[in-house]
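One structure is given here, and the rest of the page talks about it.
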Amino acid sequence: MAWKKMSMNFDDVVVRHWAWKRKLHDYIAHPDQSLKVREVAADDRCKTGKWLRGEGRRYSVYPEYARLVAEHARFHRAAAEIVGRANNGEDVSGEFVLGVGSEFSLASAAVVLALMDMKRKDEIQEQSRLDPDQATPGRWANWWE
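The end of the sequence shown is residue 1108 by the numbering used here, with every number in the run present.
This is the structure:
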């Protein structure tokens, strides 16, 4: 049986993002130097980054796509900064436990919000393809004038 590439939807991408975030959380609890700052900073190596540059590129016509790419890169920069500090022996657990408002927390939330905005945009576009009259409210409201 040949291996078949699995397609990811927006919800899958969010789950993958949270899984990566969880991996980082676990690493911070016991930094063993296995994560390197340069690798964490690379926003094209994780599953979300690969999706953005592969299958997800089909959404690049949406303005939300550019925002997602930028926020995803921001997230990786923030994560790399935390890994660097952890690798240098600094206690960075507060970035996760009390991290609300930290650059890492804000960047992570921005990735998820950008994904959800793209999902909403795509659903609206799909609805307009299926039923153009429903996607443009009021289109026929004054047809008699």
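No residue lacks a Cβ here, since even glycine has one placed at the ideal position from N, Cα and C.
Helix, strand or coil: which one does DSSP assign to residue 1090? helix
Do residue 1043 and residue 991 come within 8 Å of each other at the CB atom, strictly closer than that value? no
Taking three-plus beta-carbon pairs below 8 Å as touching, is the region 981-991 in contact with the region 1016-1025? no
Start and end of the alpha helix (DSSP H) containing residue 1034? 1026-1050
Looking at the unbroken alpha helix (DSSP H) that takes in residue 1000, where does it start and where does it end? 1000-1004
If we call anything under 8 Å between Cβ atoms a contact, is residue 1117 one with residue 976? Only positions 964 to 1108 of the chain appear in the structure, and residue 1117 is not among them; the question remains open.
Inter-residue Cα distance where the pair is residue 999 and residue 1089: 41 Å
Would you call residue 983 buried or exposed, if buried means 16 or more other Cβ atoms sit within 10 Å of its Cβ? buried
Relative to the alpha-carbon of residue 994, which residue among 1068, 1067 and 1046 has its alpha-carbon at the smallest distance? 1046
For residue 1006, count neighbouring C-beta atoms within 10 Å of its own C-beta (all shown protein chains included) and say buried if the count is 16 or more, exposed if not. buried
Got a sec, what are the start and stop residues for the alpha helix (DSSP H) residue 993 sits in? From DSSP, residue 993 is part of no alpha helix (DSSP H); its letter is neither H nor E.
Against chain C, does residue 1013 count as a neighbour if the rule is that its beta carbon must be under 8 Å from one of theirs? Going by chain labels, chain C is absent from the structure shown, which holds only one protein chain.
Check the C-beta distance from residue 1073 over to residue 1037 and give it rounded, since I have them as a contact under 8 Å. 7 Å
Could you tell me how far apart the beta carbons of residue 973 and residue 1084 are, in whole angstroms, since I believe they sit closer than 8 Å? Contact flag wrong, Cβ pair sits at about 10 Å.
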